[in-house]
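>
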Amino acid sequence: MSILTSPVSENELVADQFDDLEQQRSAAQLGMWVFLATEVLFFGGLFLAYTVYRSRYPYDFAAASHHTDVVIGGINTAILLFSSTLMALAVRAAELRDRKRLVWLLVGTAFFGIIFMVLKGVEYHKDWTDHLVPVFNFEWPEPNPEHPQIFFWLYFAMTGLHAIHVTVGILVMLVIAFLARLRKFTTGNYTPVEIAGLYWHFVDIVWIFLFPLLYLAGHR
Amino acid sequence: METTNASPTQTHPVKVYWKTCAALMLLLALTWSVGYVDLGLFNLIVAMAISITKALVVALFFMHIKGSSRLLHLAATVGIIWLLIMLTLTLSDYFTRGWVPLNH
Amino acid sequence: MNTLDAKVATEIDIKTEGQFARDNYLSEHTVGSWLLTTDHKRIGILYLFTILVFFTIASVAAAMMRIELLHPAGGLMTSETYNKLFTIHGTLMVWFFLIPSIPTVLGNFVLPLMIGARDVAFPKLNLMSWYIFVFGGLLATWSLIRGGVDTGWTFYTPYSTTYANSHVISMAAGIFVAGFSTIITGMNFIVTTHKMRATGLTWFRLPLFVWSLYATSLIMVLATPVLATTLALISVERLWGVGIFDPKLGGDPILFQHMFWFYSHPAVYIMILPGMGVVSEVIACFSRKRIFGYAWIACSSMAIAILGFLVWGHHMFVSGQSVYAGMIFSVLSFLVAVPSGVKVFNWTATLHKGSIHFTTPMLYALGFIGLFVIGGLTGLFLAALSVDVHVHDTYFVIAHFHYIMVGGMVTAFMGGLHYWWPKITGRLYPELWGKLAALATFLGFNLTFFPLFILGYLGQPRRYHVYPPEFQIFHVLSTAGASILGVGYVMPLIYFIWSAKRGRVAGPNPWHATGLEWQTASPPPKHNFIETPIVTDKPYGYSAEKDVDLDLASI
Amino acid sequence: MGKFHLFPPEASTTARNVDALYFALTLISLFFITVIFLAILFFCIKYRRGSPADRSNPSSGSNLIELGWTTVPTLMGLALFTCGAIDYFRIERKPGNAIDVQVVGKQWMWKLQHAEGKREINELHIPVDQTVALTLISQDVIHSFFVPAFRVKQDVVPGKYTSEWFKPTRTGEYHIFCSQYCGTQHAQMIGRVVVMQPQAYERWLKSGEQTESIVRAGERLFHGRGCSGCHAPNSKFHAPLLEGLYRKPVPLADGTMVTADDQYLRDSILQPAKQISAGYDNIMPSFSGHLSEEEIMQLIAYLKAIGQQEPPQQ
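Chains as they are written, first to last, in the numbering used here: chain C, 352 to 571; chain R, 11 to 114; chain A, 171 to 725; chain X, 42 to 355.
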């Protein structure tokens, strides 16, 4: 089955409801992709609210979007894209059973995830000082602040939900890196690394759509 | 058992990964710069088009959709298709609200 | 019965005097063996007991409502209490009984057996889904203990977000959590059906119950996340009043209805599709004949799952939704009725040239067809735009969806439970009492809900605890019917408990059915099959001519 | 109202069409129910276990039959849809010259006001054989104005005008129900429609204390609340002219066009920034919270009155 004669025998790697490694791996992949479909629709509810309210208040959404910090948003996007690349390389390393490189790439991915979260924190703090946080201290120069406030609760809902997913991703990455150090994924069954990779790429794709919608609504 | 045709090794040479990364960074720069040009309604359309291409690049190369089984292709797209169903049918209500004059 | 069946029976030396296969899945009795099990069969039974609790609470709420409605001026309770009762009845029935029941009880138990697998694809996730379901249920019960919710199971805004002073957020959290249990079950079934079928079991050799579970899992996986988002938005709006659905701050209450019904209409197909799968199995088995139009029934399940997502706007014809959107949703709602019609016609055609045994599951299946036809056709009244303007939110709608939910889904659940009871417990239920219970539920049900069609067209709105005196006769009939229905549901509870200990030993295949689940012992061993069966021909290989006597009369 | 019957009274033009489609649907349903019931009964008797019927070579499917009972129901469905849609279009489109009544739904009562100014709570007196058009709005949650005898129902949504019309054909008293759950006293939010002969209606309108018409009340508000300060033709503030505005296209600041209907006027009063007219900046204060729903309706009635005149030449 696997190219090299693996020191660990085949059936320890395979859970007992599966017949062989290949069935287990394709089941895990399909399961993950179905889970990602549910995540698409979980974010989808917020995208629907965003679409409806932007079509109702395009003027206010554009004005409100100008108050977001596009520099931090742009850098964050670049960071997530880069960490996605590291993750893909990690999956490649796992398949080629290169343990050292796998561990470093996973730690690298988690590291850039943490940088993303730090920048996110900085941005949220800036929004707080600019009085842009709905409900708590929302102040708006022009009269009628209701509609910009709708933009900002959508902004915080979408980026907040995404941030939670990034945090979960970082934790998963660190756990997998730790297990990889114990030679868990370089003996033929690297499915967990692949699944973590799919999840991380999904989190990256969500941000790819969030960046233009929230930071570049209308033109700057 | 359904014959699983997920190819045993899906790895590409390292060069491919960095080229993909470069493409993504380029598309990001494009999104960012287009954001400063006033195209009115087209701003949204262009931004979405670029984002879709970026998402496709990530899905095809990093998530190994390219060369994987038709079943995974379907599983990958079904979420987006249902999101589009929700968007289009809901917006069909919002965009046609004024068409029947309620009180004249 | 083919040779394989005989070999399996002798190997595990089943005797008729009550001794089962030595090591079946029920032989262990420690608490840990139940609470930490990853065996799909035990998880099915855990779900059975859990949904029984919620079914009881919700049924008591329904009984109290029916007593309150006996008199036009009410008087048994305040309107506040009545509003909380119909919310308890709605929420608990929908999310904690109707949606989980057939997939998580019968589906969990029978799906791996039917496709020749040792377990579902992700057994640990399966157990986690039960714990999440119980946690969600506890949250919902906690909300009821603190004082309950008075918004109805639909949580329409801005009442639920700004004006209701009841415990909406804890109930929304409970349903939010229970939603993830549904998502995990759905994902589990999809992967199991794709990846773990026995050799030779191609898609068009799958039993129709597996097809209906697969279609149901698609809906579970694609609809439930939107419910999670909607409930989260309600809680945020209720906590901080940000203006998501509050018109004073620029929000739109009709957007909530779009997001809610995008989930809730497919949810009603989550409830009915597994019931249709059970009926296909039972009709084929007890007519001793290959089902009529197998491929058409399988594809109609998939059609219902997909079209079910396009029709939610028929709940909003008078809500302020635009006229043209109403027309789009109305024409799609007429189309979604066609696959259900195809199924009913095919079931009826299956009876042709069969050798029909009137066992309890068969009575429930025939009852299902009768009541589902009435339920389905009254759905067309609600899809027709101008008639819906009159009957929307009246008792006509109540009668329609109870004909589908109680007349259809609960009847099919009872039928399925009776049909697979020998496989679950290894013993047979008392046939005579089974038939009596089936008849009682059928008669009680019709007396309860048919008068409500007439009352609905007369115009009495739903969720009223007092009503004009001229409508009283219909409520009295309905309450009378409800008491018979109650008796009809309590009887199986009693004789199932009796039969679990002292029913006649059933042996591997009491109905001489052809599914893979009948090729192994009952109750089945831990890993289902001694060696994985190989499937060679199409399902339902019955022959009405060479019909064998099931000697059921003696039970 | 009050006596037992199995079918609601048919008291409006819409009722006749809705009942016709209802009977058609009932007949079609009875046809299918009897066909399926008889087929099941026949098969169950003829092919019960042990019966001597011929069971040789049973058929397990035929694509022709399947196509039959797929296309026929689809065509019937489309036909039924068309009937329903035609009637629905008629129900949703308000006819021209109608008696305007303004309805405000509030948690657990209906407040109605006739154009002549007469106010009613939970009651609606209207003449027979004349079209009556309601403009509905809610002060708090979603209600629904439902008159079973007229077969008409329309949700009353906060923040959005909805409309409903009926032409009564029989005098008498009929139920009004609130059919969208709206809270504790949802079941008490009921009332009655009294359909009277035209003379009796005129006498009723004149009875009770004299009230000023809605348009005059709107004018009083227009000046009292300071609207005329900016929107009068000779005002020194740069604000859009309201004469001749009603139902005319209005160019907006973000380049789109919108017709000035009731909803636009209401949104402009309560959320001025929502649709700013082209060439004006966002200086108008919001009146939300300062005007009750009735006052907004009176203001809009006044704006409609002056909206029909030709705009004064600058």
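All residues carry an ideal CB built from backbone N, CA and C; glycine is no exception.
1) Between which two residues does the beta strand (DSSP E) carrying Leu-500 of chain A extend?
2) On the DSSP letters alone, give me the boundaries of the beta strand (DSSP E) that Ala-174 of chain X sits inside.
3) Within its chain, find whatever has a CB closer than 7 angstroms to the CB of Lys-477 of chain C; leave out the 5 residues flanking it on each side and keep chain order.
4) So for Met-298 of chain X, helix, strand or coil by DSSP?
5) Does Thr-297 of chain X pass the burial test, meaning 16 or more other C-beta atoms within 10 Å, or should it be called exposed?
6) Indicate whether at least one CB of chain A lies closer than 8 angstroms to the CB of Ile-95 of chain R.
7) Quick check on the burial criterion: 16 or more other C-beta atoms within 10 angstroms. Buried or exposed for Arg-408 of chain A?
8) Check each candidate in A:Leu-521, A:Val-580, A:Val-514 and name the one with the smallest Cα separation from Val-438 of chain A.
9) At a CB-CB cut-off below 8 angstroms, which residues of chain R make contact with Leu-381 of chain C?
10) Leu-533 of chain A: which of X:Ser-327, X:Ser-53, X:Leu-82 sits nearest, CA to CA?
11) If we cut at 8 angstroms on Cβ distances, does Leu-565 of chain C have a partner in chain A?
12) Quick one: is Pro-292 of chain X buried, meaning 16 or more other Cβ sit within 10 Å of its Cβ, or exposed?
13) Using DSSP with H/G/I as helix, E/B as strand and the rest coil, what is Cys-357 of chain X?
14) CB-CB under 8 angstroms to Tyr-665 of chain A, same chain, minus the five flanking residues each way: which ones, in chain order?
15) For chain R, is any of its Cβ atoms less than 8 angstroms away from the one on Trp-455 of chain C?
16) Name, in chain order, the residues that DSSP records as bridge partners for Leu-293 of chain X.
17) Just the chain A side, please: which residues come within less than 8 angstroms of Thr-389 of chain C by C-beta, in chain order?
18) Looking at chain A, is there any beta carbon in it that lies within less than 8 angstroms of the beta carbon of Pro-494 of chain C?
19) Let me know the secondary structure DSSP gives Met-230 of chain X once reduced to three states.
20) Beta carbons nearer than 9 angstroms to chain X: which residues of the region 16 to 48 of chain R have them?
21) Can you pull the chain R neighbours of Glu-474 of chain C, defined as C-beta to C-beta under 9 angstroms?
22) Closest to Phe-303 of chain A by C-alpha separation, out of A:Leu-647, A:Ser-271, A:Phe-279, would be which residue?
23) Can you tell me which residues form a DSSP beta bridge with Asp-141 of chain X?
24) Which residue from X:Ala-319, X:Leu-262, X:Phe-73, X:Pro-189 puts its Cα closest to that of His-279 of chain X?
25) Between which two residues does the alpha helix (DSSP H) harbouring Thr-203 of chain X extend?
26) When you compare the CB of Trp-110 of chain X with every CB in chain A, is at least one pair closer than 8 angstroms?
27) Identify, in the order they occur along the chain, each residue of the same chain with its Cβ nearer than 6 angstroms to the Cβ of Gly-277 of chain A, setting aside the five sequence neighbours on each side.
28) Is it true that the CB of Thr-649 of chain A sits closer than 8 angstroms to the CB of Ile-237 of chain A?
29) Is Gly-396 of chain C near Thr-520 of chain A, with beta carbons less than 8 angstroms apart?
30) Could you work out which residue in A:Pro-509, A:Val-557, A:Pro-678, A:His-645 is closest to Trp-590 of chain A when comparing CA atoms only?
31) Does the contact criterion of 3 or more C-beta pairs under 8 angstroms hold for the region 364 to 377 of chain C versus the region 277 to 296 of chain A?
32) Comparing the C-beta of Val-56 of chain R with each C-beta of chain X, is any distance below 8 angstroms?
33) Taking 8 angstroms as the CB-CB limit, is Ser-102 of chain R close to chain C?
34) Excluding five sequence neighbours on each side, which residues of the same chain lie with their C-beta closer than 6 angstroms to the C-beta of Gly-658 of chain A?
35) Evaluate Ser-434 of chain A with the Cβ neighbour count: other Cβ atoms within 10 Å of its Cβ, from every protein chain shown; 16 or more gives buried, anything less gives exposed.
36) Please return the same chain residues whose Cβ sits closer than 6 angstroms to the Cβ of Phe-462 of chain A, not counting the five positions on each side in sequence.
Quick look at the numbers:
1) Note on residue identity: the sequence assigns Ser, not Leu, to residue 500 of chain A. Note, Ser-500 of chain A: premise wrong, no beta strand (DSSP E); alpha helix (DSSP H) at 493 to 521.
2) 173 to 179
3) Asp-420
4) strand
5) exposed
6) yes
7) buried
8) A:Val-580
9) Leu-81, Leu-82, Ala-85
10) X:Leu-82
11) no
12) The residue in question, Pro-292 of chain X, is exposed, as its Cβ has fewer than 16 Cβ neighbours within 10 Å.
13) Missing from the structure shown is residue 357 of chain X; chain X here goes from 42 to 355 and no further.
14) Tyr-599, Pro-600, Trp-603, Gly-604, Ala-607
15) no
16) X:Ser-318
17) Ile-353, Met-357, Val-391, Leu-392, Thr-394, Pro-395
18) Judged by the 8 angstroms Cβ criterion, Pro-494 of chain C is not in contact with chain A.
19) coil
20) Taking 9 angstroms as the Cβ-Cβ cut-off, the region 16 to 48 of chain R has no residue approaching chain X.
21) Within 9 angstroms Cβ-Cβ: nothing; Glu-474 of chain C doesn't reach chain R, min ~16 angstroms.
22) Checking every option, the nearest Cα to that of Phe-303 of chain A belongs to A:Ser-271.
23) X:Ala-174
24) Closest in alpha carbon position to His-279 of chain X, among X:Ala-319, X:Leu-262, X:Phe-73, X:Pro-189, is X:Ala-319.
25) Run containing Thr-203 of chain X: none in the alpha helix (DSSP H); it sits in the beta strand (DSSP E), 203 to 207.
26) yes
27) Leu-383
28) yes
29) A distance of 8 angstroms or more separates the beta carbons of Gly-396 of chain C and Thr-520 of chain A.
30) A:Pro-678
31) yes
32) no
33) Closer than 8 angstroms to the CB of Ser-102 of chain R there is not a single CB belonging to chain C.
34) Cβ within range, chain order: Ala-607, Ala-610, Thr-611, Gly-614.
35) buried
36) Asn-516, Ala-519, Thr-520
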